[in-house]
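Numbering (my numbering), first residue to last: 3 to 355. Think of the CB as a built atom: it goes at the ideal place given N, C-alpha and C, for glycine as much as any other residue. Notes follow the structure.
Pasting the structure below:
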């Protein structure tokens, strides 16, 4: 099944059952099984969605893995070695779009990236907000993803094009303004269902849930990370806890800024006050002329992921490699090629109503 974007989509029946599992007792579905009626009872939804609600729902998320698998549109043929680099968001911290920038850097290094994401909901500047601000026509990505992955080792999958039913919950998420269960579901719903994935989460309680659910979904090499300063990524300001699944084995460990050959960098030095600043920081990195220490955050994340998914080597050597690529303007070159691949023919589809 596909819509006007050309994006394959999940089974509406599976979507209906999945929503009913998430929101028992809520008559959210219209008779045709496709259109969700507006969620009007903010009190009921908020009780499900607030921060404690996420933790309360954690056990049931693990139980939903068969439903998640049914939801996937089934585009497994694209590239079974592709990696999704994503985070749950929801930290509320003033941060840059590390995973998006890291994806560009790793694509330059030859790692095939299929990043699934959305615009910000409770946050301020999501991965696809940044991509749009950088001139990426995100509504063309669904139909061109196979091509861009083959040619550029990169595809960004805009969630509403693959799971349009969830857009009906976006206004409620925005009104609530706190992390919701959709922060948890996002990393699990990549339409590719990749065999390899890096997931960051701001919530320590969710690490084992995301870890075990992802394994149940068929991930063969998985990294789940949370830094001790509450970021859903590798930190350069403190240590980061890692859960890893590889070759059938589970292990847990921590990495520190010193492992990359870095001195500890203050959180303030790698934060961002607003979307305009986040965009300016990204543009400087893409141009190969970063003027702040934010590039070290991106280089460290890319270095760690590179050593786990591409080539085993000391983190310090991998970090120096990533830093060199940043100052060469490699990320900007990747993005330019990616945008060119999305340019051909066709009118950009209208935003779903």
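Review point. Of the residues 134, 196, 148 and 146, which one's Cα is nearest the Cα of residue 88?
Key: In the chain shown, residue 88 corresponds to position 86, counting from 1. Selected option, being the one with the closest Cα: 196.
Review point. Can you name, in chain order, every residue of its own chain whose Cβ lies under 6 Å from the Cβ of residue 249, other than the five neighbours on each side?
Key: Against the chain shown, residue 249 aligns to sequence position 247. If you ignore the 5 residues before and after residue 249, its C-beta comes within less than 6 Å of no other C-beta in its own chain.
Check your understanding: Should residue 317 and residue 269 be called a contact, given that it needs their Cβ atoms to be closer than 8 Å?
Key -> As a first step, residue 317 is located in the chain shown; it is residue number 315 there, counting from the start. As a first step, residue 269 is located in the chain shown; it is residue number 267 there, counting from the start. No. Outside cutoff.
**Study point:** Cα-Cα separation, residue 303 to residue 157
**Key:** Taking the chain shown and counting its residues from 1, one reaches residue 303 at position 301. Taking the chain shown and counting its residues from 1, one reaches residue 157 at position 155. Looking at the backbone, the Cα of residue 303 and that of residue 157 are separated by about 19 Å.
Review point. Quick one, which of 83, 97 and 113 has its alpha-carbon nearest residue 309's?
Key: For the purposes of this step, residue 309 is taken as residue 307 along the chain shown, with counting starting at 1. When only C-alpha atoms are compared, the closest one is 113.
Practice item. Quick one: measure Cβ to Cβ for residue 216 and residue 224, integer angstroms, because I've assumed they're closer than 8 Å. Key: What you label residue 216 is simply residue 214 of the chain shown in a count that begins at 1. What you label residue 224 is simply residue 222 of the chain shown in a count that begins at 1. By a beta-carbon distance limit of 8 Å, residue 216 contacts residue 224. Their separation comes to about 5 Å.
**Study point:** Spatial neighbours of residue 2 in its chain, beta-carbon cut-off 6 Å, leaving aside the 5 residues before and after
**Key:** Within the shown structure, residues of the chain are numbered from 3 to 355, placing residue 2 beyond reach of any answer.
Review point. With 16 as the cutoff for other CB atoms within 10 Å, does residue 192 come out buried or exposed?
Key: Reading the chain shown from its first residue, position 190 is the one you call residue 192. Result: buried.
Check your understanding: Roughly how many angstroms lie between the CA atoms of residue 360 and residue 226, to the nearest whole one?
Key -> This structure cannot speak to residue 360, because the chain is shown only from 3 to 355.
Exercise for review: Answer with yes or no whether the minimum CB distance from residue 289 to chain D is below 8 Å.
Suggested key: Among the chains in the structure shown there is no chain D, since it carries only a single protein chain.
Exercise for review: Quick one: grab the DSSP three-state call for residue 116.
Suggested key: For the purposes of this step, residue 116 is taken as residue 114 along the chain shown, with counting starting at 1. In the structure shown, residue 116 sits in a strand (DSSP, three-state: E or B).
Check your understanding: Which word fits residue 54, buried or exposed, when buried means at least 16 other C-beta atoms lie within 10 angstroms of its C-beta?
Key -> As a first step, residue 54 is located in the chain shown; it is residue number 52 there, counting from the start. Below a pLDDT of 50, predicted positions are generally treated as unreliable, and residue 54, at 47, falls in that range; no measurement from the model is reported.
Check your understanding: Which residues mark the beginning and the end of the beta strand (DSSP E) in which residue 226 is found?
Key -> Position 224 of the chain shown, counted from the start, is the residue given in the question as residue 226. Its beta strand (DSSP E) spans residues 223-229.
Review point. How big is the Cα-Cα spacing for residue 90 and residue 287?
Key: Along the chain shown, one-based indexing puts residue 90 at 88. Along the chain shown, one-based indexing puts residue 287 at 285. One C-alpha to the other measures close to 23 Å.
Exercise for review: For residue 83, count neighbouring C-beta atoms within 10 Å of its own C-beta (all shown protein chains included) and say buried if the count is 16 or more, exposed if not.
Suggested key: Here residue 83 corresponds to residue number 81 of the chain shown, with the count starting at 1. Classification for residue 83: exposed.
**Study point:** N- and C-terminal bounds of the beta strand (DSSP E) containing residue 202
**Key:** On the chain shown, residue 202 is found 200 positions in, with the first residue counted as 1. The continuous beta strand (DSSP E) containing residue 202 extends over residues 198-202.
Review point. With distances taken between CB atoms, is the gap from residue 97 to residue 274 smaller than 8 Å?
Key: Taking the first residue of the chain shown as position 1, residue 97 is located at position 95. Taking the first residue of the chain shown as position 1, residue 274 is located at position 272. Closer than 8 Å, so yes.
**Study point:** Limits of the unbroken alpha helix (DSSP H) element including residue 307
**Key:** Here residue 307 refers to the residue found at position 305 when the chain shown is read from its first residue. Residue 307: member of the alpha helix (DSSP H) spanning 296-311, first to last residue.
Practice item. Give the secondary structure of residue 157 by DSSP, where H, G and I count as helix, E and B as strand, and everything else as coil. Key: By one-based count along the chain shown, residue 157 stands at place 155. Judged by DSSP in its simplified three-state form, residue 157 adopts strand.
Practice item. Round the Cβ separation of residue 233 and residue 204 to the nearest angstrom and send it over; I've been treating them as touching at under 8 Å. Key: For the purposes of this step, residue 233 is identified with residue 231 of the chain shown, where counting begins at 1. For the purposes of this step, residue 204 is identified with residue 202 of the chain shown, where counting begins at 1. Confirmed, Cβ separation roughly 7 Å.
Practice item. Keeping to the same chain, check which residues put their C-beta closer than 6 Å to that of residue 259; ignore five residues upstream and five downstream. Key: Numbered from 1 along the chain shown, position 257 holds the residue referred to as residue 259. Counting only Cβ-Cβ distances below 6 Å, and skipping sequence neighbours, we find 238 and 266.
Point to revise | Per-residue burial, residue 198 [other beta carbons within 10 Å of its own, 16 or more giving buried] | key: Here the question's residue 198 lines up with position 196 in the chain shown. By the Cβ-count criterion, residue 198 is buried, with 16 or more other Cβ atoms from all chains shown falling within 10 Å of its own Cβ.
Point to revise | Sequence-distant residues of its chain with Cβ nearer than 6 Å to residue 202 (five each side left out) | key: Position 200 of the chain shown holds residue 202. Same-chain partners within the cutoff: 89, 227, 234 and 235.
**Study point:** residue 291 to residue 280 span [Cα, whole Å]
**Key:** By one-based count along the chain shown, residue 291 stands at place 289. By one-based count along the chain shown, residue 280 stands at place 278. Each residue's Cα considered, the two are about 15 Å apart.
Point to revise | residue 109 versus residue 338: straight-line alpha-carbon distance, rounded | key: As a position in the chain shown, residue 109 is number 107, starting the count at 1. As a position in the chain shown, residue 338 is number 336, starting the count at 1. Approximately 12 Å between the Cα atoms of the pair.
Review point. Residues bridged to residue 248 by DSSP?
Key: Residue numbering aside, residue 248 sits at position 246 when the chain shown is read from its first letter. Beta-bridge pairing links residue 248 to 223 and 251.
Practice item. Identify, in the order they occur along the chain, each residue of the same chain with its Cβ nearer than 7 Å to the Cβ of residue 155, setting aside the five sequence neighbours on each side. Key: Along the chain shown, read from residue 1 onward, the residue named residue 155 stands at position 153. Only residues of its own chain outside the window of five on either side were considered, and among them 109, 112, 113, 114 and 115 have a CB closer than 7 Å to the CB of residue 155, listed in chain order.
Exercise for review: Can you grab the Cα-Cα spacing for the pair residue 219 / residue 190, in whole Å?
Suggested key: Locating residue 219 in the chain shown gives position 217, where the first residue counts as 1. Locating residue 190 in the chain shown gives position 188, where the first residue counts as 1. Each residue's alpha carbon lies about 8 Å from the other.
Check your understanding: If we count the other Cβ atoms within 10 Å of its Cβ and call it buried at 16 or more, is residue 152 buried or exposed?
Key -> On the chain shown, position 150 is the one that residue 152 refers to. When all chains shown are included, residue 152 counts as exposed.
Check your understanding: To the nearest angstrom, how far is it from the Cα of residue 159 to the Cα of residue 147?
Key -> One-based indexing of the chain shown puts residue 159 at position 157. One-based indexing of the chain shown puts residue 147 at position 145. Taking the straight line from one Cα to the other gives about 7 Å.
Check your understanding: Straight-line CA distance for residue 297 to residue 326?
Key -> Numbered from its first residue, the chain shown carries residue 297 at position 295. Numbered from its first residue, the chain shown carries residue 326 at position 324. Going by the C-alpha atoms only, they are around 11 Å apart.
Point to revise | Cβ neighbours of residue 333 in the same chain (closer than 7 Å, five flanking residues each side left out) | key: Position 331 of the chain shown, counted from the first residue, corresponds to residue 333. For residue 333, same chain residues with a beta-carbon under 7 Å away, outside a window of 5 residues either side, are 103, 106, 107, 110, 287 and 288 in chain order.
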